[in-house]
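Data first, discussion second: the structure below is written as structure tokens.
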Amino acid sequence: MSTIHVQTAQNVALEYEVASVGDRILAQLLDWLVLVLFSVVVNFLIEKATNSQDERRILQLMLIALPWLLYHPLCEIFFNGQSIGKRARQIKVTRRDGLRPHAGDYLLRWLLGLVEVSASFGSIATVAVLLNGHGQRLGDMAANTMVVSLRPVPATGRLPLAELPAGYMVVFPQVSTLSDQDINLVHRLMHQALKRNNYMLLNEVATRVKSLTGIQTDLQDEPFLHTIIRDHAHLAATHG
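The numbers in this note's numbering rise by one with no breaks, and the one at position 160 of the sequence shown is 262.
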């Protein structure tokens with residue numbers, strides 16, 4: 103699986119594992135399956151509850167057609183870049199600059215997705231992802247987003263120096279106030295949070311680290327904690 107390196111506005115180097123085309127296709131198929139099952143159940147209830155054809159059509163439009171249309175943007179806005187299918191495949195939408203996508207970003211990629219995914223049964227999106235090199239379809243390129251894999255984090259708290267980019271520069275020198283035990287705990291909790299999609303826990307860990315170190319940053323919780331761990335690893339390796 104390919105990776106992409108991103109330099110944020112805060113001069114933080116982030117490395118993402120790009121979600122594979124297979125994972126994205128499976129996620130989309132799972133989402134369609136959820137919508138089909140939902141539609142069958144709702145349509146059955148509508149048929150049972152109404153006698154008027156006009157009333158039935160109005161309810162089908164409101165309770166079936168609209169959910170199909172708005173499913174992806176609403177899921178991604180309220181579930182931090184994930185739909186049910188994306189969550190099952192452990193992938194999510196994020197911005198290329200490391201910040202949390204805005205509602206407008208999700209809406210823009212969704213609007214283009216109506217053409218490249220829904221209207222073409224995913225063929226345009228698949229070709230774009232394969233040719234782009236960064237795992238982006240046209241909607242992602244327009245919204246400056248990408249779909250990344252939530253791969254597990256190694257269990258150890260101190261990274262080997264070889265795993266850090268050449269010429270790595272510490273972003274948050276305040277991490278020197280944290281002990282190896284602190285970093286190990288941060289690493290374990292982050293791993294648990296990502297594995298379980300527990301973003302509340304992830305936020306609590308990031309907030310606690312900021313409180314202990316006095317760090318102020320606009321980075322999302324996940325890249326912030328990754329950077330903290332890298333900074334600590336670099337300082338530990340270079341200063342013993």
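A virtual CB, placed ideally from N, CA and C, is assigned to each residue, including glycine.
With DSSP collapsed to three states, give me the class of residue i.
{"i": "valine 273", "result": "coil"}
{"i": "arginine 332", "result": "helix"}
{"i": "serine 251", "result": "strand"}
{"i": "threonine 152", "result": "coil"}
{"i": "isoleucine 317", "result": "coil"}
{"i": "arginine 239", "result": "coil"}
{"i": "arginine 191", "result": "helix"}
{"i": "tyrosine 118", "result": "strand"}
{"i": "arginine 197", "result": "strand"}
{"i": "alanine 268", "result": "coil"}
{"i": "asparagine 246", "result": "coil"}
{"i": "glycine 183", "result": "coil"}
{"i": "alanine 257", "result": "Low confidence applies here, because alanine 257 scores a pLDDT of 44, under 50, leaving its location unreliable and the question unanswered by this model."}
{"i": "serine 220", "result": "helix"}
{"i": "proline 262", "result": "Bear in mind that the predicted position of proline 262 carries a pLDDT of just 48, short of 50, making it too unreliable to give a figure here."}
{"i": "arginine 202", "result": "coil"}
If you measure between the beta carbons of residue i and residue j, is that distance less than 7 Å?
{"i": "leucine 252", "j": "glutamine 192", "result": "yes"}
{"i": "aspartate 242", "j": "arginine 211", "result": "yes"}
{"i": "aspartate 333", "j": "valine 288", "result": "no"}
{"i": "tyrosine 208", "j": "proline 169", "result": "no"}
{"i": "valine 138", "j": "isoleucine 166", "result": "no"}
Residue i lies in the beta strand (DSSP E); which residues open and close that run?
{"i": "isoleucine 166", "result": "Looking at the DSSP string, isoleucine 166 is not in any beta strand (DSSP E), and its letter there is neither H nor E."}
Which first and last residues belong to the alpha helix (DSSP H) in which residue i is found?
{"i": "valine 229", "result": "225 to 234"}
{"i": "glycine 206", "result": "205 to 215"}
{"i": "arginine 290", "result": "282 to 297"}
Could you round the C-beta distance between residue i and residue j to whole angstroms and report it? I think they count as a contact, below 8 Å.
{"i": "tyrosine 301", "j": "alanine 295", "result": "7 Å"}
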